């Protein structure tokens, strides 16, 4: 009786995870189709010309303890190819360390050069980033509001390039593409760039051109001020205030535009604790917004297709729970197949075939991205070969950490906004291990990651024991992912960098 219950539980959980992963994959397949269908008809608008009749813009820079990057942020923002009398900068500074003095000195220098820049200091840090943006908006003079996080270095043509897309009064946001100033720093930064390029190329562009709900990415975008106000303003009840406001605005009828031609360079997190902090905030915040907004999406008058895509979008962080569940159930499923069912899986053959199809859809997702970005087959193939499997393994290795964040989000457990520290890492010789803002405390999930490393090593042993090698590559990627994430978490908590992760040889391949 116990054996039968065990079988049903394992197979049931496996099939549940499988179905969700397959549905998500087919949603991504439709975004691929949308991108390819509209790629040749991409609407391009020339940047704004001349200095007459340009709209006034407020540039908001929300920061908290950014001593390493605040000067370069202010300098890059002030260097916009835009009349000085037509834009203002708000440094929304909630810092509690020497960042305040560094910023004040730089602001005085810029003011002497004629730049309209204000050092905004709130009496408290209520609402974190959302609170800071709302506070600054109260006295923002601009018809449009551009937002940059501390790790960004906007190009001089950013304002002219994005503002030209506000061609009708219904456009509430123009989102630009993220670029990467330290992509070649390490394997971690290469993998992050690999994924982010796909997100902007296919997800953002696909949703925009398909007429589906897209999101402001929290930075490198320009809002129409009246859109923010009409949607109810910035709210701090989730960790992803950008996604929250995006959906509230679009459900009120505002149109969003994604511009692939305008890029904004930024610094990618270079050490694992920073990556985990960022992932935790994105995943938990995504779940919080899903819990908050899904009901409103389905009660809204938007089309059924838009509701489906919006649901897949809002629930996308939940895919990590399914990936974790799929992997965890694969080991006992292998035992059931050989020790109980005598090597025959029967009804599971077809679902597993769907999983394989999902794997190839994911490959296609990144192949299309690389082809669009690289414009050269050899470069595309090199990048795909070198980074696709590490990306998959790294994603699997983060699935426990991200699953905890998602579950907490759905449960309504509130936690403070944890910033992603930046260290001005721009070239391979730069180092972060002696910098301030390092988190030396091990996260609670690290022990689980180490356990899962041994768990999947056991699965590899089982596959050899039963002479069933079909699932061995999956176990290998899981073991590598959890092992590397767990080990790097420990190493980075001790401030130890691993030079072997630096991509010195591959950095020149593009």
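In this note's numbering, the protein residues as written are 41 to 550.
Backbone N, C-alpha and C define an ideal beta-carbon position, used for all residues, glycine too.
Model, not experiment: these values are computed from the prediction.
| Query | Result |
| --- | --- |
| In the DSSP assignment, what are the bridge partners of residue 303? | 217 |
| Which term fits residue 548, buried or exposed, when burial requires 16 or more other beta carbons within 10 angstroms of its beta carbon? | Its pLDDT being 39, under 50, residue 548 is placed unreliably in this model, and the coordinates cannot settle the point. |
| I'd like to check one pair, residue 529 with residue 482: are the Cβ atoms closer than 9 Å? | yes |
| In the DSSP output, what is residue 184 paired with across the bridge? | 97 and 264 |
| Hey, out of 161, 54, 423 and 395, whose CA is closest to residue 408's CA? | 423 |
| For the beta strand (DSSP E) containing residue 127, name the first residue and the last one. | 127-133 |
| By how many angstroms is the C-alpha of residue 244 removed from the C-alpha of residue 238? | 9 Å |
| Runs of 4 residues minimum, wholly inside the region 454-527: which ones carry the alpha helix (DSSP H) assignment? | 486-505 |
| By Cβ distance below 8 Å, which residues in the same chain neighbour residue 196 in space, the five residues on each side in sequence not counted? | 119, 120 and 121 |
| Quick check on residue 339: buried or exposed, where buried means 16 or more other Cβ atoms within 10 Å of its Cβ? | exposed |
| DSSP on residue 544, reduced to helix/strand/coil? | Summary for residue 544: the model assigns pLDDT 45, below 50, so the residue's position carries little reliability; its value from the coordinates is reported in the next sentence. Coil at residue 544, not helix or strand. |
| Express the C-alpha separation of residue 181 and residue 158 in angstroms, rounding to a whole number. | 12 Å |
| How long is the line joining the alpha carbons of residue 313 and residue 461, rounded to whole angstroms? | 9 Å |
| Quick one: measure Cβ to Cβ for residue 465 and residue 260, integer angstroms, because I've assumed they're closer than 8 Å. | That belief does not hold up - the Cβ atoms of residue 465 and residue 260 are roughly 19 Å apart, past 8 Å. |
| When DSSP builds the beta bridges, which residues end up paired with residue 560? | One cannot answer for residue 560 here, as it falls past the ends of the chain, which runs 41 to 550. |
| Check whether the Cβ of residue 65 sits closer than 8 Å to any heavy atom of the ligand NAP, and report yes or no. | Looking at this structure, you won't find the ligand NAP or any other ligand, since it has none at all. |
| Quick one: what's got a C-beta closer than 8 Å to residue 359's C-beta in the same chain, skipping five residues either side? | 60, 61 and 64 |
| Rounded to whole angstroms, how far is the Cβ of residue 248 from the Cβ of residue 297, which I believe are closer than 8 Å? | 6 Å |
| Can you name, in chain order, every residue of its own chain whose Cβ lies under 6 Å from the Cβ of residue 315, other than the five neighbours on each side? | 309 |
| Which two residues bound the contiguous alpha helix (DSSP H) that contains residue 349? | 344-354 |
| With 16 other CB atoms within 10 Å as the buried threshold, where does residue 203 fall? | buried |
| Could you check how far apart the C-beta atoms of residue 566 and residue 277 are, in whole angstroms? I think they sit under 8 Å. | It is not possible to answer for residue 566, since the shown part of the chain is limited to 41 through 550. |
| Measure the alpha-carbon distance for residue 107 versus residue 348 and round it to whole angstroms. | 43 Å |
| Strictly by DSSP, which residues pair up with residue 157? | 129 |
| Quick test of the definition: if touching needs 3 or more C-beta pairs under 8 Å, does the region 47-56 touch the region 215-232? | no |
| Between residue 183 and residue 272, what straight-line distance do the alpha-carbon atoms span, to the nearest angstrom? | 17 Å |
| Can you tell me the Cβ-Cβ gap for residue 437 and residue 489, rounded? I've got them flagged as a contact below 8 Å. | 7 Å |
| Go ahead and pull the three-state DSSP assignment for residue 67. | helix |
| In three-state DSSP terms, what is residue 192? | strand |
| Among 270, 324, 317 and 266, which one has its Cα closest to the Cα of residue 283? | 324 |
| Note down the Cα distance separating residue 322 from residue 279, rounded to an integer number of angstroms. | 7 Å |
| Could you give the first and the last residue of the continuous alpha helix (DSSP H) run that contains residue 359? | 359-375 |
| How big is the Cα-Cα spacing for residue 545 and residue 468? | Residue placement at residue 545 cannot be trusted, given a pLDDT of 40 that sits under 50; the coordinates are not used to answer. |
| List the residues that DSSP assigns as beta-bridge partners of residue 295. | 211 |
| What is the DSSP secondary structure of residue 117, counted as helix, strand or coil? | helix |
| Return the residue from the list 326, 98, 113 and 96 that minimises the CA-CA distance to residue 104. | 113 |
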